[in-house]
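Undergrad: Numbering (our numbering), first residue to last: 1 to 376.
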């Protein structure tokens, strides 16, 4: 790229666990662009000592709700007006107001990357006024953005149906890591004599099946449920995990950088993705963890969400559960852990799936978006 470009990625999280933004930033850097990433700073946020790009994190007086989003967008708008950049990426609708206004005033190309169907998130369900405000922003801004990206075909179809607009689909497929030396179970504090079931995710919130996973695992012998991440149900999960019948059966860990998380995923015998069909966003979700499990060679147990079910069944890498009732879920997990014929077939299919579902292939679509924006 001539006349070196500088691209600014904008998010409302603290950057630590955002794998998608990091992957997209690396592609931009490989194309010769300078990269900056902007997020938020929370009291509990980990340091970014090893973060590969210059990063700015705003300290704000509010953690959530309308005042947080207003404060964040105001700070972001002022920042974007003054920072040296040639392109802006708004990740999700909650960064789009500030990014759109700043890009418009500065006449800079703007890319909108929708990580989810934001106006369908469960936090907005039952909150008609708040949802209508965000829907208003979406209707006002999304049709005005020239470069549009999202995470899967289902969400792209929703946007196209509503606005008649095409979105490029770039799925959350992780980068293949070769030559990685994994820490042993003892080093990671994991038992050597138990099957490991993992449920991971930065936002393990209500209706993502974590509570049911715990109730299923307490009914199993010789298994440990490892929950890694964060979310609004984590206090409840920790309380439940501290109870007597969970001793030695449930281990809960906070969010961690993706490189560290891979060390734990590599030791799992089964990976869970248990979103419920309680809202449109979950129904059409295609989470990072599904591809992380596949890359690590871990069989998957999933609820029948459209995109997830399609991957699991198309590639034959696990099973879809018909019920989250603890007794039935426990029985299905037990069978999946102990049926060696199935496990042999899954392991073979996982290798094939991992060889086909690669970031090397997926990133070409993101490269095309960046190259088109540069030519603007």
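The beta-carbon is built from N, C-alpha and C at its ideal position, and this holds for glycine as well.
If you're wondering where the values come from, they're calculated on a predicted model, not measured in any experiment.
Can you give the Cα-Cα distance for residue 1 and residue 8, rounded to whole angstroms?
TA: Here residue 1 refers to the residue found at position 1 of the chain shown. Here residue 8 refers to the residue found at position 8 of the chain shown. Caution is warranted here: a pLDDT of 44 is assigned to residue 1, below 50, making its placement in the model unreliable, and the coordinate value is therefore given only provisionally. C-alpha separation (whole angstroms): 16 Å.
Undergrad: Between which two residues does the beta strand (DSSP E) carrying residue 59 extend?
TA: Here residue 59 corresponds to residue number 59 of the chain shown, with the count starting at 1. Taken as a continuous stretch (DSSP letters only), the beta strand (DSSP E) holding residue 59 covers 55 to 59.
Undergrad: If you count every other CB in all the chains shown that lies within 10 Å of the CB of residue 176, and 16 or more means buried, which is it?
TA: Along the chain shown, one-based indexing puts residue 176 at 176. With fewer than 16 other Cβ atoms within 10 Å, it is exposed.
Undergrad: Taking 8 Å as the threshold, find out whether the segment 79 to 91 comes into contact with the segment 163 to 175 through three or more Cβ pairs.
TA: The segment 79 to 91 and the segment 163 to 175 do not touch, with fewer than 3 CB-CB distances between them shorter than 8 Å.
Undergrad: By DSSP, does residue 40 sit in helix, in strand, or in coil?
TA: Here residue 40 refers to the residue found at position 40 of the chain shown. Correct three-state label for residue 40: strand.
Undergrad: Taking DSSP's pairing of strands, which residues face residue 228 in a bridge?
TA: Here residue 228 is taken as the residue at index 228 of the chain shown, counted from 1. Per DSSP, 200, 253.
Undergrad: Would you decide whether residue 154 is buried or exposed? Buried here means 16 or more other CB atoms lie within 10 Å of its CB.
TA: For the purposes of this step, residue 154 is taken as the residue at position 154 of the chain shown. Buried.
Undergrad: Kindly indicate which three-state DSSP category residue 89 falls into: helix, strand or coil?
TA: To locate residue 89, count along the chain shown from 1; it is residue 89. Residue 89: strand per DSSP, three-state reduction.
Undergrad: Would you kindly report the start and end of the unbroken alpha helix (DSSP H) that includes residue 28?
TA: As a position in the chain shown, residue 28 is number 28, starting the count at 1. Taken as a continuous stretch (DSSP letters only), the alpha helix (DSSP H) holding residue 28 covers 19 to 30.
Undergrad: Please report the straight-line C-alpha distance between residue 276 and residue 190, rounded to a whole angstrom.
TA: If you number the chain shown from 1, residue 276 lands on position 276. If you number the chain shown from 1, residue 190 lands on position 190. If you take the alpha carbons of residue 276 and residue 190, they lie about 29 Å apart.
Undergrad: By how many angstroms is the C-alpha of residue 39 removed from the C-alpha of residue 346?
TA: In the chain shown, residue 346 corresponds to position 346, counting from 1. In the chain shown, residue 39 corresponds to position 39, counting from 1. The alpha-carbon atoms of residue 346 and residue 39 are separated by roughly 39 Å.
Undergrad: If you run the structure through DSSP and keep just helix, strand and coil, what is residue 168?
TA: Taking the first residue of the chain shown as position 1, residue 168 is located at position 168. Correct three-state label for residue 168: strand.
Undergrad: Return the first residue and the last residue of the alpha helix (DSSP H) that residue 302 is part of.
TA: Here residue 302 is taken as the residue at index 302 of the chain shown, counted from 1. Run containing residue 302: none in the alpha helix (DSSP H); it sits in the beta strand (DSSP E), 300 to 302.
Undergrad: Taking the Cβ atom as the reference point for each residue, do residue 226 and residue 330 lie within a distance shorter than 8 Å?
TA: To locate residue 226, count along the chain shown from 1; it is residue 226. To locate residue 330, count along the chain shown from 1; it is residue 330. The answer is no: Cβ separation not under 8 Å.
Undergrad: Just the C-alpha distance for residue 93 and residue 114, rounded to the nearest angstrom, thanks.
TA: To locate residue 93, count along the chain shown from 1; it is residue 93. To locate residue 114, count along the chain shown from 1; it is residue 114. Taking the straight line from one Cα to the other gives about 7 Å.
Undergrad: Determine the direct distance from the alpha carbon of residue 301 to that of residue 333, and round the result to whole angstroms.
TA: One-based indexing of the chain shown puts residue 333 at position 333. One-based indexing of the chain shown puts residue 301 at position 301. Answer to the nearest angstrom: the Cα atoms are 8 Å apart.
Undergrad: Take the Cβ of residue 235 as the centre, count every other Cβ of all protein chains shown within 10 Å, and call the residue buried at 16 or more, exposed below.
TA: Counted from its first residue, the chain shown places residue 235 at position 235. Exposed is the call here.
Undergrad: Determine which residues share a DSSP beta bridge with residue 114 and list them.
TA: Taking the first residue of the chain shown as 1, we reach residue 114 at position 114. In DSSP, residue 114 forms a bridge with 150.
Undergrad: Which of the three DSSP states, helix, strand or coil, is assigned to residue 181?
TA: Residue mapping note: residue 181 aligns to position 181 of the chain shown, counting from 1. Here residue 181 sits in coil by DSSP.
Undergrad: Just how far apart, CA to CA, sit residue 318 and residue 304?
TA: On the chain shown, position 318 is the one that residue 318 refers to. On the chain shown, position 304 is the one that residue 304 refers to. The straight-line gap from Cα to Cα measures roughly 12 Å.
Undergrad: Residue 120 and residue 405 - do their beta-carbons sit closer together than 8 Å?
TA: The structure shown has nothing for residue 405, since the chain only spans 1 to 376.
Undergrad: Suppose the cutoff is 6 Å on Cβ atoms and the five residues either side in sequence are ignored; what does the same chain contact list for residue 316 look like?
TA: Numbered from its first residue, the chain shown carries residue 316 at position 316. 349.
Undergrad: Measure from the alpha carbon of residue 146 to the alpha carbon of each residue in 135, 131, 163, then state which is nearest.
TA: Locating residue 146 in the chain shown gives position 146, where the first residue counts as 1. Here the closest residue by C-alpha is 163.
Undergrad: So, does the segment 37 to 57 touch the segment 123 to 142, judging by three or more C-beta pairs under 8 Å?
TA: no
Undergrad: Residue 230 and residue 202 look like a contact to me (Cβ under 8 Å); what is the Cβ gap, rounded to whole Å?
TA: The residue you call residue 230 lines up with position 230 of the chain shown. The residue you call residue 202 lines up with position 202 of the chain shown. Going by Cβ atoms, the distance from residue 230 to residue 202 rounds to 6 Å, so yes, they are a contact pair.
Undergrad: Kindly list the residues whose CB is nearer than 6 Å to the CB of residue 204, restricted to its own chain and excluding five residues on each side of it in sequence; keep chain order.
TA: Start at 1 with the first residue of the chain shown, and residue 204 comes out as number 204. Only 210, 229, 231 meet the Cβ criterion.
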